[in-house]
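**Q** Below you'll find the structure I mean.
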Amino acid sequence: MRDLFIDTCRILAVPGLLLLLSGIATADDVSNPVGGGWRQTTGIYFNPISEELDAYMDNFRLLDQRGHAHTMIQYADHELVVLIGYRPDCAHNSTLLESIRELQRRFDPRGIQFLLLNPSLGGRREPIDEALRRLDLDVPVLMDETQMVAASLGIGGGGAVLAFETENWKEVLRRPAGHDEGWLEGTSTALEHALDDAEGRGRPEGEWSSRLGDAWDRTRDRISRWLPSGKGTASCDFVFHDPGPLTYTEDVASILLDRCVTCHRKSAVFDLFNSYEQVKGWSQMIRQSIRLQRMPPGGLDPYYGNIRHAHSQEEMRTILHWIAQGMPRGPGPDPIANTKSRAVMGAERRSAQYEVPDLVYEMEEPHVLPAIGLIEYRYAQLGEQTQEDLYLEALRLDINLSVVHHCNILLLDRPLDQEEMVPQPDGMLKVSKSQPGTWNKTVQAGAGMSGIGDGWVKGDPEIPAILASKERASRLLYERILLTASRARGLFWAPPGLAYFIPKGHYIVLEFHYNASGRVEENRARLELYRYQQATLPRRLKRLGIYQGGFRIPPHARNFVVESRARISDDITVLALGPHMHYRGASARYIAEYPDGNRKILLSIPFFQFKFQRKWQMHPPTFLPAGTTLVTEMIYDNSEYNLANPDPDAWVMNGSQSVTDEMHLPRVHYVDGHFEAPQPLGEGAVNRKPRAPRADPGLDRWSRWPATR
């Protein structure tokens, strides 16, 4: 049963159609649950697990005080999951946290996972983390910034307790907010009862399941009881935001136009939002996607960095509250009907500007591709070497999107037939220390892995091939790869004052990663180049992939960390960052270690999604002085709890194939020296006031939850 459930979820998760509906289905009135199967123990309601009682919890995803993502399903190997309400400014916090530390000491060996839930709005994470560190308390504090998890679960304040067993995710313990002298022992006694009942039922070793169903109708009444309170009635009660009446036309449609309609429209990725009626029809999926943080896509933590794409929690709260209010339409015409998003209109304007190319290259012969099977990387040279330096405002690449996974545009200083191509992630080989302006990387991978050369790791399978090609890699500049074209874009344009650069005397080579489509295909690429038109010489757009190889991820490893470090030898300005991993990728971070000793998180992706690998644009761009070390940390989950994992039983090495291999490839897009962007680097940007800089918690190698039992 376990294998069937995991396999089913894994199949659904890859295309993004796993609808994990969030909420809690309870007895008719769980706020006063006496009766039915419930019994009272020292003021706490304890529910012996009963097949007749329909009280179970659905999944959700929240970030903790250190920026890690948590879902309930990742704790399915525990006996119980206990959620405890936590309000940072509660007067009883010191005694509450000490009690929680004692509970953790008693029950952690017995398989209980404790999680604190904090629905405070606009709070800073650092003081929370510091308070727990002072008590040496290692427990996640889930930041419920939409407040909808706490409201739907009926957790009303600090000290409130809600526990679930993980065989069927049934609610087994509930106590109201507050903390007194009897809190610790009363909660401990109730947990003993719940554990005894769960252990008495028993289940096969390693067996787990998830009762993830639609509980929204019965949850809505609970939310209506909690949300209108406006302010807490006691120092530890949660303050739930009351947004007032919301409508589609006045409050919600503008958010959907800015955040969603670019992809979710006719002739786009997923046709969802073309009218009020359609949005209302998909409202439950919208709610689920926000609650699980599958949308907005990419898994970004907006708390860190100057990320242009960052959404606001206020926007997410508005959508969720509107759904909870019954999705009223509001007055006036439909703002979405027959309307294009700003991003779409901007892309169409740019496309119209680039209709007549200055230079055109085409493949001499098409690549003929088989219907099935693994297809090795293929290459095609476009024409002869360039006769002049080319500064380009834009490029357009037409490829067969049915079969092309991605295409790297490479720049070689000799013809392809004289080049022994060694397929590399991003078309990149080793960067030499001896070349001025390149990046020197210090590799740290994992236990037992030592760096050799200037960044390659012992045992890396690419090393023999590189040596066989007479260290060709050591003479390649970082301008080798111009850009990567994926399925998402055909036209690439440079921001004002910047340009793509192809040096004189180079050959343009296309490197293709193909995926078989189920039928015989042909791909004959066409590349159009558009010259830079301004009189002044532009700045050059540059990019680098800090590739890390040589690691092997063991079967069922849940938190396998791969880290790389690149020391910057010259001043640069970072325009965008883009981590790349495959299906085992779980999270990614970029950290700048400045010459003065300060450290700052530039980008955090706590919930990595393979199908949404974005280039995260920074506005304003981030200046990094010479001597800065850029640390990139990526965490991999090769366990069965990663629903996208193709094979939890496999050893996984670094390589280019998405299903069988993994990859550690943090990309950096930058210009040399200082650069100030006059506007956001992209169309459809929302100009926002930059957030004030703040310290970053957890930079000293924090513990990673959950620990594997």
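If you're matching positions, the sequence shown starts at 4 in the numbering used here and goes up one per residue.
All residues carry an ideal CB built from backbone N, CA and C; glycine is no exception.
Nothing here was measured: the structure is a model prediction, and the numbers come from that model.
Helix, strand or coil, according to DSSP, for Ala591 in the structure here?
**A** strand
**Q** If I measure Cβ to Cβ from Gly235 and keep anything under 7 Å in the same chain, skipping five residues before and after, which residues do I get?
**A** Residue placement at Gly235 cannot be trusted, given a pLDDT of 39 that sits under 50; what the coordinates show is reported in the next sentence. So the list reads Gly160, Phe241, Val242, once near-sequence residues are dropped.
**Q** Please report the residue range of the alpha helix (DSSP H) in which Val371 lies.
**A** First-last for Val371: 370-372, but that is the beta strand (DSSP E), not the alpha helix (DSSP H).
**Q** Which residues mark the beginning and the end of the beta strand (DSSP E) in which Tyr78 is found?
**A** Run containing Tyr78: none; DSSP gives neither H nor E here.
**Q** Starting from the N-terminal side, write out each stretch of the beta strand (DSSP E) that is 3 residues or longer and does not extend beyond the region 76-159.
**A** 83-88, 115-121, 144-146
**Q** Using the Cα positions of Asn641 and Arg546, report the straight-line distance between them to the nearest angstrom.
**A** 30 Å
**Q** From this set, Gln390, Glu396, Leu372, Gln388, which residue's C-alpha is nearest Val407's C-alpha?
**A** Leu372
**Q** From the DSSP secondary-structure annotation, give me the bridge partner or partners of His516.
**A** His409
**Q** Spatial neighbours of Leu20 within its chain, please: C-beta separation below 8 Å, excluding the five flanking residues on both sides.
**A** Legend: pLDDT at Leu20 = 32, less than 50; position of this residue unreliable, value from coordinates given subsequently. The answer is none, since no qualifying residue turns up.
**Q** Using 8 Å as the cut-off, can you tell me whether the region 534-543 makes contact with the region 412-419, which would need three or more C-beta pairs spanning the two stretches below that distance?
**A** no
**Q** Do you know how far the Cα of Gly552 is from the Cα of Asn657?
**A** 6 Å
**Q** Tell me whether Gly521 counts as near the ligand MN, meaning its Cβ is closer than 7 Å to at least one heavy atom of that ligand.
**A** The ligand MN is absent from the structure shown, which contains no ligands of any kind.
**Q** Tell me the rounded alpha-carbon separation between Ile326 and Ser286.
**A** 7 Å
**Q** Which residues share a DSSP beta bridge with Val363?
**A** Looking at the DSSP assignment, Val363 forms a beta bridge with Glu531.
**Q** Are the beta-carbon atoms belonging to His585 and Ser661 less than 8 Å from one another?
**A** yes
**Q** Tyr517: which of Tyr382, Glu184, Val85 sits nearest, CA to CA?
**A** For the residues Tyr382, Glu184, Val85, the minimum Cα distance to Tyr517 belongs to Tyr382.
**Q** Tell me His509's beta-bridge partners as DSSP assigns them.
**A** Bridge partners of His509: none, in fact.
**Q** Opposite Asp67 in the DSSP bridges: which residues?
**A** Leu145
**Q** Evaluate Pro143 with the Cβ neighbour count: other Cβ atoms within 10 Å of its Cβ, from every protein chain shown; 16 or more gives buried, anything less gives exposed.
**A** buried
**Q** Please classify Ala497: does DSSP put it in a helix, a strand, or coil?
**A** coil
**Q** Since Ser607 sits in a beta bridge, which residues does DSSP pair it with?
**A** Arg592
**Q** For Gly548, write down the residues that DSSP places opposite it in a beta bridge.
**A** Arg670
**Q** Using a Cβ-Cβ cut-off of 8 Å (strictly less than) and excluding sequence neighbours within five positions of Ser405, which residues of its own chain qualify?
**A** Ser520, Glu524
**Q** According to DSSP, is Trp619 part of a helix, a strand, or is it coil?
**A** strand
**Q** Does the Cβ-Cβ distance between Tyr89 and Leu119 come in under 8 Å?
**A** yes
**Q** Is the beta carbon of Ile608 less than 8 Å from the beta carbon of Arg587?
**A** no
**Q** What's the gap between the Cα of Tyr639 and the Cα of Arg561?
**A** 7 Å
**Q** Answer with buried or exposed for Leu377, where buried requires no fewer than 16 other C-beta atoms within 10 angstroms of its C-beta.
**A** exposed
**Q** Going straight from the alpha carbon of Asp80 to that of Asp139, what length do you get?
**A** Our two residues, Asp80 and Asp139, have alpha carbons roughly 25 Å apart in a direct line.
**Q** What do you get for Glu379, buried or exposed, if any count of 16 or more other CB atoms within 10 angstroms of its CB means buried?
**A** exposed
**Q** For Asp199, name the three-state secondary structure that DSSP assigns.
**A** helix
**Q** CA-CA distance, Ser278 and Ile375?
**A** 39 Å
**Q** Taking contact to mean at least 3 C-beta pairs separated by less than 8 Å, is the region 130-137 in contact with the region 147-154?
**A** no
**Q** When DSSP labels each residue in this structure, what does Gly216 get in the three-state scheme?
**A** Any reading at Gly216 must be qualified, since the residue scores a pLDDT of 33, below 50, and its modelled position is unreliable; the value itself is stated next. For Gly216, the three-state secondary structure derived from DSSP is coil.
**Q** Give a yes or no on contact between the region 612-627 and the region 302-322, applying the rule of three or more CB pairs nearer than 8 Å.
**A** yes
**Q** Output needed for Gly731: all residues of its chain with C-beta closer than 8 Å, excluding positions within five of it in sequence on either side, in chain order.
**A** Since the first residue of the chain shown is 4 and the last is 712, residue 731 is not available in this structure.
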